[in-house]
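Below is the structure:
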């Protein structure tokens, strides 16, 4: 374990786990949801809104921060925490996912990913070592290894070759981090000596490849393990099955992070399968599009039925939006194109997600998780109340 | 005086006045600045941000609210305060200014203003009586009479004819309000029985017309008086002179409102000439464009010189933005197109405006207003620190 990061398993209820991890910027209770702060800001939120909603950790996107304002600038300003004024834990991804999304603007080789910036077309090379160095300068509390992101569907051969490359990249990432830790790469300008590094399990929907990938990651040795390459279009039952089988392969004493998921139901279902950490743009992006998550299902605030509805978005919610404003007003703000609509909606959706995580933790603690799960799936996970 | 509205003059320092007015939704200390909440929302601000910045009253634009979501809907929801969830005082304009801005989409007759909606091209007729009825349904604490807004420059004849029409319209507005108050127009659906009504002095830059307009308004009798048709392109010294001479003509025991002004220097200079109330989009609109007001002058946060500036926007400011974030981060958010940039910048600019009003009130109270004014004009009113 490096200085600064540790994980403690505090309880369990079936496969669901209650825990906490410590970082140089504070403690995070798990299961945890991490709001996505793409460019060093969770869209439409101020930091104090995040604190109020109950966020203990946020995610920063290395690809975006690398391109603008640049990791050297952020490093000179003392790292990402200091630059953005967020004193709590931060996890950064490796930048790989965004680079792979660039489609015809990138080319993958064994060395890394050649790509052209979506901002100005400038050429860049993202190697495993570069992904480590960039994140070291950003100084996040948890850095992710660079992995190859497989599209769905993929053949078993494609999945195997991709997974094997990801294993080789993961080893290079770990080697590079060790050089930074032992001082032999001091020119990198790392800003957080307590930074942890998580490995990522790939292998598509092929469980033997997933097992092989998990084993290789564990052999390399990381402070935590993520499951990548899911929530990319595969059937939901298949995703849940891969999550369950893969989580089972990971060390009990370290955190397990399901990348890029998901819906409220996904959070509950994957906690039930042993996951500790989540991130997703769903609550923030959907808020800006007028879709709100409630304890009784999703609503689209632009629906005409809310034009004269004096009630709050969710009577069970205690967030500022629900305490202060009616559905009628929120609909008006949305229809009128006011940016405050995005702010109020995002505050609600993130409050709903983070409240859900708190209720999950409480339920595991009281060993009532299965009852909570059944009730939750009957109400909050309904897709829409509008039709 | 109607039930619900009263003004008290609490002190003076030269022509500068300290006072307060009471409304059905609370007290406002004057001199006061009213943030503009065009569509029932001060752009990029949540209500609690406004309260924190020190806003005691906000302005709603009747034209926008009439078109969307419509005054009948707002009336059914109990009025504008209840609809938007703002429990403090609200002033509404008459809608005239926006209608006159429609240029070739409107036609003015003695009856009122025929116009087509900027949203969908639908035809509408805004008469003096309609402007009163709409604002009665909105239920603002202070309603404005419908006046004709004169473009600058205008000939003396044009200014005279326009002013005379405004006087006739003002009389019709007052008559209509009296019908609402005495119950003979109960079908209007007024939502605030304590609503006050302000007259508006017009007359362009011709002081004899201004005097005539002020006299006519006083003869009709309103709860307060506004000076309209300034800050429309005339030289600043001319504006200040008209303000001084017109304010002098208005009753000492009633509030005086300079519509649509202004810069920080305008606020101080016009308080010095006897003005009690202001509104302007400058702090909010400029914030969204990256221009920030500080105690040492304006800055454009997009300027490259701020890219690595760890200091706050304004070291003398105590707002959340200045307490939490650096110029470097605010510049990054602006350049990255994050909507949080608008929110943080607006919170700062409004805090600066409202702090300035508090400092003005303190200075009048301590009879040090002239010293404050000289110091303020030497520092905060500088146009730019960037060049």
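Protein chains in written order, with our numbering: chain A, 462 to 848; chain B, 462 to 848.
Here a beta-carbon is modelled for each residue, glycine too, at the ideal position from N, C-alpha and C.
Small disclaimer: the values here were computed from a predicted structure and weren't measured.
Would residue i pass as an interface residue toward chain A - the criterion being a Cβ-Cβ separation below 9 Å?
i	result
residue 738 of chain B	no
residue 781 of chain B	yes
residue 514 of chain B	no
residue 635 of chain B	no
residue 609 of chain B	no
residue 813 of chain B	no
residue 799 of chain B	yes
residue 480 of chain B	no
residue 596 of chain B	no
residue 534 of chain B	yes
residue 462 of chain B	Confidence at residue 462 of chain B is low in this model, with a pLDDT of 44, below 50, so its placement is unreliable and the value that follows should be read with caution. So, not an interface residue.
Nearest chain B C-beta to residue i closer than 9 Å, yes or no?
i	result
residue 475 of chain A	no
residue 819 of chain A	no
residue 787 of chain A	yes
residue 568 of chain A	no
residue 530 of chain A	yes
residue 763 of chain A	no
residue 768 of chain A	yes
residue 825 of chain A	no
residue 544 of chain A	yes
Helix, strand or coil for residue i? Go by DSSP, reduced to three states.
i	result
residue 684 of chain B	coil
residue 752 of chain B	strand
residue 613 of chain B	coil
residue 482 of chain A	strand
residue 656 of chain A	coil
residue 471 of chain A	strand
residue 517 of chain A	coil
residue 506 of chain B	coil
residue 584 of chain B	strand
residue 805 of chain A	helix
residue 764 of chain B	coil
residue 736 of chain B	coil
residue 788 of chain B	helix
For residue i, I'd like the list of residues in its chain whose CB is within less than 8 Å of its CB, leaving aside the five on either flank, ordered along the chain.
i	result
residue 517 of chain B	487, 488, 489, 490, 493, 549 and 550
residue 467 of chain B	482 and 483
residue 728 of chain A	492, 494, 722, 739, 814, 817, 818 and 821
residue 755 of chain A	774, 775, 777, 778, 813, 841 and 846
residue 637 of chain A	589, 590, 593, 594 and 646
Taking C-beta pairs closer than 7 Å, name the residues in chain B that residue i reaches, listed in chain order.
i	result
residue 523 of chain A	Simply none; closest approach about 15 Å.
residue 771 of chain A	538
Residues of chain B with a CB under 8 Å from the CB of residue i: which are they?
i	result
residue 549 of chain A	Ordered by position in chain B, no residue passes the 8 Å Cβ test against residue 549 of chain A, which lies about 13 Å from the chain.
Going along chain B in order, which residues have a C-beta closer than 9 Å to the C-beta of residue i?
i	result
residue 745 of chain A	Within chain B, no residue comes near residue 745 of chain A; the closest Cβ sits about 11 Å away, beyond 9 Å.
residue 501 of chain A	790, 793, 794, 797 and 799
I'd like to know whether the C-beta atoms of residue i and residue j end up nearer to each other than 9 Å.
i	j	result
residue 465 of chain B	residue 655 of chain B	yes
residue 661 of chain B	residue 701 of chain B	no
residue 479 of chain A	residue 822 of chain A	yes
residue 793 of chain B	residue 530 of chain A	yes
residue 584 of chain B	residue 607 of chain B	no
residue 801 of chain B	residue 759 of chain A	no
residue 497 of chain A	residue 741 of chain A	yes
residue 735 of chain A	residue 711 of chain A	yes
residue 703 of chain A	residue 671 of chain A	yes
Taking Cβ-Cβ distances shorter than 8 Å, what residues in chain A pair up with residue i?
i	result
residue 805 of chain B	507
By Cβ distance, which residues of its chain are closer than 7 Å to residue i, with the 5 residues on each side in sequence left out?
i	result
residue 690 of chain B	610, 611, 663 and 665
residue 652 of chain A	536, 539, 540, 598 and 600
residue 681 of chain A	631, 632, 635 and 660
residue 469 of chain B	480 and 481
Given residue i, which residues of its chain have a CB within under 6 Å of its CB, disregarding the five upstream and five downstream residues?
i	result
residue 477 of chain B	732, 733, 825 and 830
residue 462 of chain B	Its pLDDT being 44, under 50, residue 462 of chain B is placed unreliably by the model, and nothing is read from it.
residue 649 of chain B	594, 597 and 641
residue 574 of chain A	560, 567 and 587
residue 474 of chain B	825, 828 and 830
residue 764 of chain A	847
residue 646 of chain A	640
residue 617 of chain B	667
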